[in-house]
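Residue numbers (the working numbering), protein chains in the order written: chain A, 1139 to 1281; chain B, 1139 to 1281. For every residue, glycine included, the Cβ atom is placed at its ideal position computed from N, Cα and C. Note that the coordinates shown come from a computational prediction; the quantities given were computed from them, not determined experimentally.
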DNA sequence: CCTTGCTCCTATAGTTACTTTAGCATGTAT
DNA sequence: ATACATGCTAAAGTAACTATAGGAGCAAGG
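Below, the structure written as structure tokens:
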């Protein structure tokens, strides 16, 4: 087999733009590869898998630094799982907060659209909702 | 009353860094304010509300351009609803998409975390899950 | 044989939404 | 009087790309 891929193949197969792949190489998230006689990058299935991993992490909202950490864990499987778990848990909390806030916003938007029938937006609740800091994290505000 | 705030007060009350507030002024998302004799910015409750609004929008994942649009609603409350109904609907769609994406993300994170039960990374399913491209969007991969 | 078109290359600049740093002025407390 | 906190401006740095400029290699069509 020893299937090989050009950069365009990887781009297509992972839904990544070509300059992004080159960028990942530059910042050492993807390794430097062998080059063909014409100087083009040559990739293997290993590279395809690594890029898939990276993109999946990015889609899930992990930062490239977190991805670097996760890639490091993957390379040293004897380590404790706790760190990986921690990254994931922190991230989950963040996501849950955002879902909760967006759900409230959605119902307000729904209501606003239904209420706004020929009037002015002076009575629209959206501005109020978005300005309502009871939905926000507490910043120690004790006015 | 006529409560006034210095930039540091606004920062504390909204959880925004001071340079960020000045940045918002520079890009005209926050207005230029009056200055005290010593050249310091003077804010009122109006400004506090506007900044709270902006930060809430940002927390919810709206871009600054979208925030500008939403502020447009707030700044012209006498406008006809018909003129902005479309924008509102787009925002709703946007919010619905974000909720959907985040919900998928949440269930994946849940699953990842539940499959990790201490021990070493060798058995940690988080890494496996992240590498599993069957969970990814299809990019037309027909290998 | 030459041109068109596709994919690739490097290098550089632009984007968004901030954050950090440098250097200095002013206001408050001891 | 002297720390120390708070504010000012201007400029550079950060993350994670995205876009643009300019050029090379190679296959197929006229």
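Residues that residue i bridges to, as DSSP identifies them
i               : result
residue 1181(B) : 1143(B)
residue 1288(A) : Because chain A in this structure spans residues 1139 to 1281, residue 1288(A) falls outside the shown range and cannot be described.
Other residues of its chain near residue i: CB distance less than 7 Å, five sequence neighbours each side excluded
i               : result
residue 1188(B) : 1168
residue 1180(A) : 1142, 1171, 1172, 1173, 1174
residue 1156(A) : 1145, 1146, 1149
Proximity test, Cβ basis, 9 Å: residue i and chain A
i               : result
residue 1246(B) : yes
residue 1279(B) : In this prediction, residue 1279(B) has a pLDDT of 41, which is less than 50 and means its spatial position is unreliable; nothing more can be read from the coordinates.
residue 1146(B) : no
residue 1168(B) : no
residue 1274(B) : The predicted model places residue 1274(B) with a pLDDT of 46, which falls under 50 and marks its position as unreliable; any figure quoted below should be read in that light. Yes, residue 1274(B) counts as interfacial toward chain A.
residue 1142(B) : no
Selected residue, minimal CA-CA separation from residue i, among the options
i               : options                            : result
residue 1230(B) : 1141(A), 1203(A), 1244(A)          : 1244(A)
residue 1194(A) : 1246(A), 1151(A), 1175(A), 1157(A) : 1151(A)
residue 1182(A) : 1171(A), 1214(A), 1221(A)          : 1171(A)
residue 1252(B) : 1219(A), 1177(A), 1196(A), 1184(A) : 1219(A)
residue 1199(A) : 1180(A), 1227(A), 1156(A), 1157(A) : 1227(A)
residue 1191(A) : 1237(A), 1180(A), 1179(A), 1211(A) : 1211(A)
residue 1166(A) : 1205(A), 1247(A), 1175(A)          : 1205(A)
residue 1201(B) : 1223(B), 1236(B), 1176(B)          : 1236(B)
residue 1232(B) : 1222(A), 1241(A), 1203(A), 1209(A) : 1241(A)
Beta carbon proximity, residue i to chain B, threshold 9 Å
i               : result
residue 1241(A) : yes
residue 1202(A) : no
residue 1251(A) : yes
Same chain, Cβ closer than 8 Å to residue i, five either side skipped, listed in chain order
i               : result
residue 1159(A) : 1145, 1148, 1149, 1168, 1189
residue 1164(B) : none
residue 1178(B) : 1144, 1145
residue 1185(A) : 1143, 1148, 1168, 1169, 1171
Beta-carbon proximity list for residue i, same chain, < 6 Å, skipping 5 on both sides
i               : result
residue 1161(B) : none
Residues in the segment 1225 to 1238 of chain B having any Cβ partner in chain A nearer than 7 Å: 1226, 1227, 1229, 1230, 1233, 1234, 1236, 1237
Pull out every residue of the segment 1152 to 1166 of chain B whose Cβ sits closer than 7 Å to any Cβ of chain A, in chain order. 1152, 1153
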